[in-house]
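Trainee:
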Amino acid sequence: MLKTFEGVVPFVKRLAARTYSIDNWIFKLHYRITFTLLIVSTVLVCSRQYIGEHIHCIADDGVPANVMNTFCFFTSTFTLVKDLNAKLVDMENLPHPGVGTYGINSKEEIKRHAYYQWVPFMLFGQAIMFYLTHILWKKLEGGRIKYLVDGLQLAAFSLQDKEIKVSSSAIPSKQDKEDKIRTIRKAFMDRLYISGSWSLNMMFCESLNLLNVILQIYITNKFLGGEFLRLGADVWKEGLESSVDPLDEVFPKVTKCTFHKYGPSGSIQWHDAMCVMALNVINDKIYTFLWFWYIILFILTAGGLVWRFATVLLHAKSRTFNKIVFANSCPGKINPWDVITVSRYRSYTDWLFLKYMSKNLDGLVFREIIIDLAKDLENEYENEEPSKKSLLSSQPDNNEYKFD
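Per the UniProt record's numbering: the sequence shown = residues 1 to 404.
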């Protein structure tokens, strides 16, 4: 039997392998793209911090090099605020930004850098935060989409009276297809599996995505000592103009460290060291990229929420709006009034649920469902709500509109 379908078998197998879609591309930016970026960043930092050489300190012979390296990494290093000056570096009065003369009892203001040992833990924790909303939404969604569309992914190929196996899936028989479509129609008509909380839960999780981006920006800013908010702006403004990298103030490549120990007579000895922070070569790139990415993610997520509220207002009112939204879901001729009919008689949740069903079904199958639903609703409310009946009587002919 499969020989009849040899030309379309590869296409059918791809359809069968598709997973169920219960969210949109903006949602995926959070739990797929951002999560992956943060996990990759964590691996990069760990590879340098715990496998490669992360810090190398130059000191006198009074302290072994490995002791100084370990001490400075696990305590903290520092730079001098007054020496974070591009002019002094240009005049060659300083070897490196923030690294200058500092005495034992000096009152000079210093800036400590203690964050670097916590960077991988911070990045990993943020990755988990971006994935949590996806887990929450899957729990709240409850597999409703999967339950209703399962078995219909290949229903467009239902031309036989018996089921046809394709890879690990199957093309349903014509009777199975009709039974499944009847189940979906009954679910909508009898309010089965679908409740108002479905759309509210989605909007709640989308709002959580926006709040999470804001929270991660705030946490990162506190983690970097209040320097993150202006990080990208400084790079954009001064990166090409200044001889000193603006990132050196937040992620210095060379820092100072002080080690104290007891001398032979019991007096405290002071050992000064200059430390090369190899790991900051990676840290500054990661956080600069995250600054720009979080801004983009915030704008897109906020825009997604605006779009969501626009769909609440327009889904049952605008024919043009529904033509645009369902254009890719319904090939051929379809009357957008069918969508409006369902929306008028049902809630926004039903409209949104239909939209996500359309993402998981072949367009021809979805078109059949939406047309049958509109007819069912017309018949059910034929003698009720005159205003809605007049709306239906004014509908254009089904062949008038075509989704290109």
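The C-beta atom is built at its ideal place from N, Cα and C for all residues, glycine as well.
What do you reckon, is the C-beta of Asp150 under 7 Å from a heavy atom of the ligand ATP?
Mentor: For the structure depicted, the ligand ATP is absent and the ligand set is empty, with no information on it obtainable.
Trainee: Quick one: Cα of Leu44 to Cα of Phe71, how far?
Mentor: Position 44 of the sequence shown, counted from the first residue, corresponds to residue 44. Position 71 of the sequence shown, counted from the first residue, corresponds to residue 71. Each residue's Cα considered, the two are about 23 Å apart.
Trainee: CB-CB under 8 Å to residue 418, same chain, minus the five flanking residues each way: which ones, in chain order?
Mentor: Only positions 1 to 404 of the chain appear in the structure, and residue 418 is not among them; the question remains open.
Trainee: Helix, strand or coil, according to DSSP, for Thr77 in the structure here?
Mentor: Within the sequence shown, residue 77 is the residue found at index 77, counting from 1. In the structure shown, Thr77 sits in a strand (DSSP, three-state: E or B).
Trainee: Say whether the stretch 269 to 278 touches the stretch 127 to 137, bearing in mind that this needs 3 or more beta-carbon pairs closer than 8 Å, one atom from each stretch.
Mentor: No, the stretch 269 to 278 does not touch the stretch 127 to 137.
Trainee: Can you tell me whether residue 406 is buried or exposed, with buried defined as 16 or more other CB within 10 angstroms of its CB?
Mentor: A question about residue 406 goes unanswered here, because the residues of the chain that appear run from 1 up to 404.
Trainee: Enumerated in chain order, which unbroken segments of the alpha helix (DSSP H) with a length of 4 residues or greater are wholly contained in the stretch 111 to 152?
Mentor: Entirely contained in the stretch 111 to 152, the alpha helix (DSSP H) runs reaching 4 residues are, in chain order, 119 to 141 and 144 to 149.
Trainee: Considering only residues of the same chain and omitting the five flanking positions on each side of Leu37, which have a CB-CB separation below 6 Å?
Mentor: Translated into positions along the sequence shown, residue 37 becomes position 37. Excluding sequence neighbours, Leu37 sits near nothing in its chain.
Trainee: Among the residues of its own chain, which have a CB less than 6 Å from the CB of Lys285, if the five just before and after it don't count?
Mentor: Within the sequence shown, the letter at position 285 stands for residue 285. Excluding positions up to five away in sequence, the list is empty.
Trainee: Give me the Cα-Cα distance between Asp179 and Thr34, rounded to the nearest whole angstrom.
Mentor: Residue numbering aside, residue 179 sits at position 179 when the sequence shown is read from its first letter. Residue numbering aside, residue 34 sits at position 34 when the sequence shown is read from its first letter. Roughly 41 Å separates the two Cα atoms.
Trainee: Provide the residue(s) that pair with His96 in DSSP beta bridges, ordered along the chain.
Mentor: Within the sequence shown, residue 96 is the residue found at index 96, counting from 1. The partner list for His96 (beta bridge, DSSP) reads Val99.
Trainee: What is the residue span of the beta strand (DSSP E) that Ile39 lies within?
Mentor: The count along the sequence shown starts at 1 and reaches residue 39 at position 39. It is not in any beta strand (DSSP E) - Ile39 instead sits in the alpha helix (DSSP H) that spans Phe35 to Cys46.
Trainee: Answer yes or no: do Val213 and Lys253 have a C-beta to C-beta separation smaller than 8 Å?
Mentor: Taking the sequence shown and counting its residues from 1, one reaches residue 213 at position 213. Taking the sequence shown and counting its residues from 1, one reaches residue 253 at position 253. Contact flag unset, no.
Trainee: Would you kindly check if the distance between the Cβ of Ile55 and the Cβ of Phe78 is under 8 Å?
Mentor: Taking the sequence shown and counting its residues from 1, one reaches residue 78 at position 78. Taking the sequence shown and counting its residues from 1, one reaches residue 55 at position 55. Contact: no.
Trainee: Please report how far the alpha carbon of Arg230 lies from the alpha carbon of His113, in whole angstroms.
Mentor: For this step, residue 230 is matched to residue 230 along the sequence shown. For this step, residue 113 is matched to residue 113 along the sequence shown. Near 18 Å, if we compare the C-alpha coordinates of His113 and Arg230.
Trainee: Sorted by chain position, which residues of the same chain lie with C-beta nearer than 7 Å to Thr19's C-beta, five sequence neighbours on each side aside?
Mentor: Residue numbering aside, residue 19 sits at position 19 when the sequence shown is read from its first letter. Around Thr19: no qualifying Cβ.
Trainee: With DSSP collapsed to three states, give me the class of Val250.
Mentor: In the sequence shown, the residue the question calls residue 250 occupies position 250. Here Val250 sits in coil by DSSP.
Trainee: Buried or exposed, going by whether 16 or more other CB atoms sit within 10 Å of the CB of Ser41?
Mentor: As a first step, residue 41 is located in the sequence shown; it is residue number 41 there, counting from the start. Buried, because 16 or more other Cβ atoms sit within 10 Å of the Cβ of Ser41.
Trainee: Looking only at its chain, what residues have a beta carbon closer than 7 Å to the beta carbon of Gly7, apart from the 5 residues adjacent to it on each side?
Mentor: Within the sequence shown, numbered from 1, the residue matching residue 7 stands at position 7. Its pLDDT being 48, under 50, Gly7 is placed unreliably in this model, and the value from its coordinates should be taken loosely. Once the five neighbours on either side are set aside, Gly7 has no close Cβ partner at all.
Trainee: For the stretch 61 to 71 against the stretch 221 to 235, are there 3 or more C-beta pairs whose distance is under 8 Å?
Mentor: Segments in contact, no.
Trainee: Grouping DSSP H, G and I as helix and E and B as strand, with all else coil, what is Tyr262?
Mentor: Walking along the sequence shown from the start, residue 262 turns up at place 262. In this structure, Tyr262 counts as strand in the three-state DSSP scheme.
Trainee: So the alpha helix (DSSP H) Ile22 belongs to, where does it begin and stop?
Mentor: Position 22 of the sequence shown, counted from the first residue, corresponds to residue 22. From DSSP, Ile22 is part of no alpha helix (DSSP H); its letter is neither H nor E.
Trainee: Give me the residue from Trp118, Gly266, Pro64 and Asp150 with the minimum Cα distance to Val365.
Mentor: What you label residue 365 is simply residue 365 of the sequence shown in a count that begins at 1. The candidate whose alpha carbon is nearest that of Val365 is Asp150.
Trainee: Based on the DSSP output, what are the partners of Lys256 in its beta bridges?
Mentor: Position 256 of the sequence shown, counted from the first residue, corresponds to residue 256. Looking at the DSSP assignment, Lys256 forms a beta bridge with Phe78 and Met274.
Trainee: Counting C-beta neighbours from all protein chains within 10 Å, is the total for Leu215 16 or more, i.e. buried, or is it exposed?
Mentor: Indexing the sequence shown from 1 puts residue 215 at position 215. By the neighbour-count rule (16 or more Cβ atoms within 10 Å), Leu215 is not buried but exposed.
Trainee: Mind checking Leu159: buried by the 16 CB within 10 Å criterion, or exposed?
Mentor: As a working mapping, residue 159 is identified with position 159 in the sequence shown. For Leu159, the predicted structure reports a pLDDT of 49, less than 50, and the residue's modelled location is therefore unreliable. A value from the coordinates is still provided. With fewer than 16 Cβ atoms within 10 Å of its Cβ, Leu159 is classed as exposed.
Trainee: Relative to the C-alpha of Val81, which candidate in Tyr287, Val250 and Tyr31 has its C-alpha closest?
Mentor: As a position in the sequence shown, residue 81 is number 81, starting the count at 1. Ranking Tyr287, Val250 and Tyr31 by Cα distance to Val81 puts Val250 first.
Trainee: Comparing C-alpha positions only, which one of His30, Thr75 and Asp372 sits nearest to Lys256?
Mentor: Locating residue 256 in the sequence shown gives position 256, where the first residue counts as 1. Selected option, being the one with the closest Cα: Thr75.
Trainee: For His56, does the three-state DSSP call read helix, strand or coil?
Mentor: Position 56 of the sequence shown, counting from 1, holds the residue named residue 56. His56 falls in the strand class under three-state DSSP.
Trainee: Buried or exposed, going by whether 16 or more other CB atoms sit within 10 Å of the CB of His30?
Mentor: The residue given as residue 30 occupies position 30 in the sequence shown. So His30 ends up on the buried side.
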